[in-house]
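These notes are about the structure you will find just below.
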Amino acid sequence: MARTSILMAMEDFYVIVLHIRDSNADNVQAASEAVDLLENYNVRAIIGPQKSSEATFVSDLGNKSQVPVISFTATSPTLSSGSVPYFFRATLSDAAQVNCIAALIKGYGWREVVPIYEDTDYGRGIIPYLVDALQEFGASIPYRSAIPVSASSDQLEQELYKLMTMQTRVNIVHMSSSIASTLFTKAKELGMMSDMYAWIVTDGIANIINSVNPSILDAMNGALGVKFYQQHRMNSTCFGTMGMSTIGPKLLDEIIHNKFRGLSGDFDLENRQLQPSIFQIINMVGRGSQEICFWTAKHGIIRQLDQKWIKNNKCVRTSGYPEFMKVERDPITSAITATGYAIDVFEEVLKRLPYNDFVYQVHLGIYDAAIGDITIRSNRTSYADITLPYTESGVAMIVPVKDDTNKKAWVFLKPITTDLWFRSIAFFIYTGIVIWLLERRINNAELTGSFFHQLGIAIYFSSFADRERVDSILSRLVVIVWVFVVLVITSSYTANLSSILTVQQLQPTETDVHELIKKGEYVGYHNGSYVGDLLEELGFDRRKVRAYETSDDFADALSKGSKNGGIAAVIHEHCKGYTMVGPIYKSEGFGFAFPKRSPIVNDFSRTILSITEGDAIIQIEKKWIGDQHACQNDGAIASPSSLNFKSFSGLFLVTGVASTSALLIALAMLLYKNKHKIRNSISRVQTQGGYGSEHASRQNQERELDYNQVRSMQVIVPNDPEDGICQQEIEICIEFASPGSEVQPSPNFASRETPGNSLLCNDKSA
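All residue numbers for the sequence shown refer to UniProt numbering, where the first residue is 1 and numbers rise by one.
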């Protein structure tokens with residue numbers, strides 16, 4: 001293939017004589033042939049040492065004889081040395097692809113990889129560069145598998161068995177196609193080409209994948225590959241003849257400065273090797289390959305190549321918060337200017353740093369610093385160094401507010417929770433029962449009628465605090481305490497009801513993020529923000545998440561609603577006309593991003609601290625944001641919460657203790673007052689058990705008394721409490737029946753007036 005291509009290129013030249021030699025893949029043979037060409041044929045240039053080890057020998061010979069040596073297949077990075085200035089690499093160095101491989105590994109989130117490479121200059125040359133690239137993205141290499149060129153099939157199998165015992169399941173293969181064919185065949189036999197493993201092949205294999213045996217491609221099914229992207233064009237630019245000179249240094253200078261665009265892209269050997277451009281990431285599928293994406297040094301992994309976008313590498317992205325960064329384009333000069341809070345902070349930092357040429361350094365590079373409302377996130381720190389935050393940030397759910405002036409008929413129940421309602425009623429009843437028991441003991445004249453009627457009267461006493469109709473001192477004490485509790489509860493109830501009826505006019509349409517997930521509602525966020533990933537972490541379906549550019553877009557989508565092509569909520573910080581509800585998902589704040597291991601990050605962070613601690617940050621905030629707390633909950637009024645039992649548990653404890661204590665005191669007084677009767681009753685019970693016969697004999701003797709004997713008892717009581725002269729004389733006659741007969745009451749009584757206004761009652765039957 002190389003011979004045919006060179007002969008085709010020779011058709012454009014008429015004064016060049018081509019001498020072809022075959023090294024037979026031997027380093028010594030290659031050096032011998034080069035000496036022969038230099039000494040016997042006086043060649044002006046040597047093209048094509050195909051192996052890196054061959055190129056090492058031949059480049060030394062060319063360096064000594066000042067004859068340029070141009071290799072189009074030697075890719076070992078060790079050849080890129082200033083000690084061999086006459087060596088040119090007309091292809092990409094293996095080191096050019098390591099950043100692409102590292103970006104691919106980072107994209108999948110893999111933390112450890114094992115390189116499997118052939119133990120030659122070609123295989124070993126990439127390893128130091130690969131290690132550095134992986135470390136920059138947070139990945140490591142726990143083991144290196146070096147395969148000798150002379151390794152047999154059994155030796156490869158033993159090495160694969162060793163890899164199977166390790167926890168790392170991601171392998172990078174960098175070797176010639178002949179060794180790789182045997183490796184993948186054995187890997188498939190051992191079951192290492194399953195979903196449990198990941199394989200990545202470098203461009204040495206991926207570039208010739210279409211020439212690999214179909215059976216080998218079948219064994220490589222599922223592997224990923226990185227290869228140089230051939231940008232085919234219909235018309236190529238003819239570059240004419242390269243300047244040839246009998247003087248080596250002049251020829252060297254001509255080669256370095258000769259640039260053209262060929263069939264495979266830009267040809268530029270300014271740094272004595274082809275400059276990296278675009279890599280293509282492919283996937284081995286069946287007996288072919290499928291394109292996945294591209295990688296460029298400027299933009300990393302991208303889905304599609306947009307040439308216009310790639311060329312415009314100095315674009316300025318707009319922010320969702322104009323106060324932080326606003327981008328404007330001059331209509332005449334088309335110059336882009338950026339202003340805002342973040343820009344002023346950045347410029348203030350530059351004023352305090354001793355980097356006079358910093359802006360010019362940024363101008364020379366591509367995104368050497370990212371300035372704006374860049375949220376500090378943990379995943380972003382894995383591929384960039386971010387300064388300390390210069391302001392706080394966080395996101396919350398923004399929803400429309402609805403007018404809630406139409407109150408429900410049962411709104412009067414809302415100020416108090418159901419728990420408090422029922423417990424209050426229970427204490428009403430308990431207090432009424434206590435008052436009834438206390439007043440019943442002293443025969444309150446109001447407590448007449450049935451039990452329920454009396455209980456209702458007692459509850460009325462407790463409800464309306466009618467102390468004048470309560471006689472017992474204990475009852476009055478209970479009523480006083482209960483009146484205090486009722487006063488506090490009714491006052492709180494009245495205040496809360498007034499707040500509900502007058503203050504609570506605007507209510508959010510949604511209050512919980514998780515309810516939106518359950519309902520399947522659409523939500524929005526600012527395009528380009530990390531909030532999209534945050535919503536997926538919270539559990540939102542990606543199809544239910546919509547990105548918008550401006551605040552007007554948010555307002556329009558919210559007004560439509562989720563069912564009419566809009567959204568139910570925005571995870572954002574815009575809030576005019578809307579209300580912020582739910583938890584605030586905080587981040588570390590906004591900062592400036594720099595490449596990994598940038599030496600100026602620490603200087604920027606220290607300067608930001610000095611700015612935020614002084615007056616400068618306050619002036620910048622007033623200029624761009626104003627009152628930073630004015631938009632926290634614009635238009636949102638907190639809903640008054642219902643009063644619960646816990647809020648008044650202390651009061652209920654006091655009234656409960658007072659009522660129960662009064663009841664216990666009354667019981668103790670009753671027991672003390674009737675202690676003699678209780679003692680006699682206890683004695684009678686005891687006597688009936690031990691002295692039953694004696695007691696019966698005594699009763700019989702009493703019955704033997706003359707049953708005709710009548711005792712008259714006169715009771716003299718005042719007829720008038722104020723007049724002790726007038727008395728009533730009552731003669732109570734008791735008839736004793738004969739022994740063995742029952743006592744019969746005397747139903748017939750006669751009365752007569754006696755001197756001294758006394759009434760004498762005689763039992764005529766007696």
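Don't be surprised by glycine CBs; every beta carbon is placed ideally from N, CA and C.
DSSP-derived helix/strand/coil call for residue i
i, result
"Met10", "helix"
"Arg440", "helix"
"Ala766", "With a pLDDT of 38 at Ala766, under the threshold of 50, the modelled position of this residue cannot be trusted; read the value that follows with caution. Ala766 falls in the coil class under three-state DSSP."
"Trp295", "strand"
"Glu157", "helix"
"Gln66", "coil"
"Trp624", "helix"
"Ile205", "helix"
"Tyr430", "helix"
"Gln290", "strand"
"Ile386", "strand"
"Phe260", "strand"
"Asn312", "Only weak support exists for where Asn312 lies, its pLDDT of 43 falling under 50; the value from the coordinates is given anyway. Coil, per DSSP."
"Gln280", "strand"
"residue 787", "This structure leaves residue 787 out entirely; the chain is present only between 1 and 766."
"Trp199", "strand"
"Tyr108", "helix"
"Tyr122", "helix"
"Met175", "coil"
"Tyr522", "coil"
"Lys188", "helix"
"Val531", "helix"
Endpoints, the beta strand (DSSP E) within which residue i is located
i, result
"Ser562", "No beta strand (DSSP E) holds Ser562; DSSP gives it neither H nor E."
"Ile116", "Val114 to Glu118"
"Glu328", "Lys326 to Arg329"
"Asn221", "Looking at the DSSP string, Asn221 is not in any beta strand (DSSP E), and its letter there is neither H nor E."
"Val545", "Val545 to Tyr548"
Check whether residue i and residue j have beta carbons under 8 angstroms apart
i, j, result
"Asp203", "Phe184", "no"
"Ala151", "Tyr117", "no"
"Met192", "Leu160", "yes"
"Leu350", "Ile281", "no"
"Pro68", "Leu252", "yes"
"Leu438", "Ser492", "no"
"Leu38", "Ser59", "no"
"Val513", "Lys544", "no"
"Pro148", "Leu130", "no"
"Ile208", "Val395", "no"
"Asn221", "Gly286", "yes"
"Met8", "Leu18", "no"
"Leu670", "Arg476", "no"
"Glu54", "Asn24", "no"
"Phe592", "Ile336", "no"
"Ser647", "Lys414", "no"
"Trp624", "Tyr390", "no"
"Ser176", "Asp121", "no"
"Thr655", "Trp482", "yes"
Supposed close pair residue i, residue j - CB separation, criterion 8 angstroms
i, j, result
"Tyr86", "Gly62", "5 angstroms"
"Phe590", "Asp373", "5 angstroms"
"Asn644", "Thr417", "5 angstroms"
"Gly561", "Ala568", "7 angstroms"
"Ile141", "Leu134", "6 angstroms"
"Ser153", "Lys186", "7 angstroms"
"Ile517", "Phe484", "Incorrect: roughly 48 angstroms between the Cβ atoms, too far for contact."
"Val434", "Ser649", "Contact flag wrong, Cβ pair sits at about 20 angstroms."
Residue range of the alpha helix (DSSP H) that includes residue i
i, result
"Ser71", "Taken as a continuous stretch (DSSP letters only), Ser71 belongs to no alpha helix (DSSP H), being part of the beta strand (DSSP E) at Val69 to Ser71."
"Leu497", "Ile473 to Thr502"
"Arg303", "That residue, Arg303, is in no alpha helix (DSSP H); it is neither H nor E in DSSP."
"Tyr672", "Ser649 to Lys673"
"residue 768", "Since the first residue shown for the chain is 1 and the last is 766, residue 768 is missing from the structure and cannot be characterised."
"Asp344", "Tyr341 to Arg352"
"Ala409", "Counting along the chain, Ala409 falls outside any alpha helix (DSSP H), and DSSP gives it neither H nor E."
Near the ligand FAD: residue i beta-carbon under 7 angstroms from a heavy atom
i, result
"Thr490", "You won't find the ligand FAD in this model; it holds no ligand whatsoever."
Min CB distance residue i to chain C below 8 angstroms
i, result
"Glu515", "Absence of chain C from the displayed structure is noted, only one protein chain being present."
> Pairing CB atoms from the segment 423-436 with CB atoms from the segment 590-602, are three or more of them under 8 angstroms?
Replying inline: no
> Are three or more beta carbon pairs between the segment 334-348 and the segment 599-617 nearer than 8 angstroms?
Replying inline: A contact exists between the segment 334-348 and the segment 599-617.
> Does the segment 66-86 come within contact of the segment 39-56, defined as at least 3 CB pairs closer than 8 angstroms?
Replying inline: yes
>> Tell me whether the segment 262-276 and the segment 107-126 touch, counting them as touching only if at least three CB pairs, one residue from each stretch, are closer than 8 angstroms.
In response: no
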